[in-house]
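Asks: One structure, as structure tokens, below. Some questions next.
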Amino acid sequence: MTTIDVDGESAADGLLTLVLAVVEILVDALEREAIRRMESGRLTDEEVDRLGQQLAAIETQIEEIEADHELEDDVANLRGDLDNLVRDAIERLGEADGDDRSVADQFLAGDRP
13 MTTIDVDGES AADGLLTLVL AVVEILVDAL EREAIRRMES GRLTDEEVDR LGQQLAAIET
73 QIEEIEADHE LEDDVANLRG DLDNLVRDAI ERLGEADGDD RSVADQFLAG DRP
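First residue of the sequence shown? That's 13 in our numbering, and the numbers climb one at a time after it.
Below, the structure is given as structure tokens:
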């Protein structure tokens, strides 16, 4: 079983690492949804531009916070641990799906199993 170790110089660093990792995951999900909407034609060119600018601004702020607190490696490591934890959970839930790809691969590719 995958475990998550949130180590830092202090509890505050560990908490900030966790928050930043979760925010990065949410931004990734928002980006995937934005791409789906762009490809479906549901967004105007203006909406696409505005959305892209907002997502880029959020990513810049996240990077600045990580750099200011020297947490880049901690956040990246936690993201990897969380990715593995989610992959393990999804694989356990969908082992009898019938698709040649695992449910985790379908999910991570943006497909709906």
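C-beta atoms are modelled at their ideal positions from N, C-alpha and C, and glycine is treated no differently.
Here the structure is a predicted model, which means the values were calculated and not measured.
1) Glu-75 to Glu-82, Cα distance in whole Å?
2) Find out if the Cβ-Cβ distance for the pair Leu-67, Leu-28 is shorter than 8 angstroms.
3) Determine the closest residue to Leu-90 out of Ser-22, Asp-25, Ala-33, Ala-23, with distance taken between C-alpha atoms.
4) Kindly list the residues whose CB is nearer than 7 angstroms to the CB of Ala-24, restricted to its own chain and excluding five residues on each side of it in sequence; keep chain order.
5) To the nearest angstrom, how far is it from the Cα of Val-35 to the Cα of Glu-78?
6) Would you decide whether Val-87 is buried or exposed? Buried here means 16 or more other CB atoms lie within 10 Å of its CB.
7) Please tell me whether Val-39 and Met-50 are closer than 8 angstroms, where the distance is taken between their beta carbons.
Replies: Answer, in terms of the structure:
1) 10 angstroms
2) no
3) Ala-33
4) none
5) 12 angstroms
6) buried
7) no
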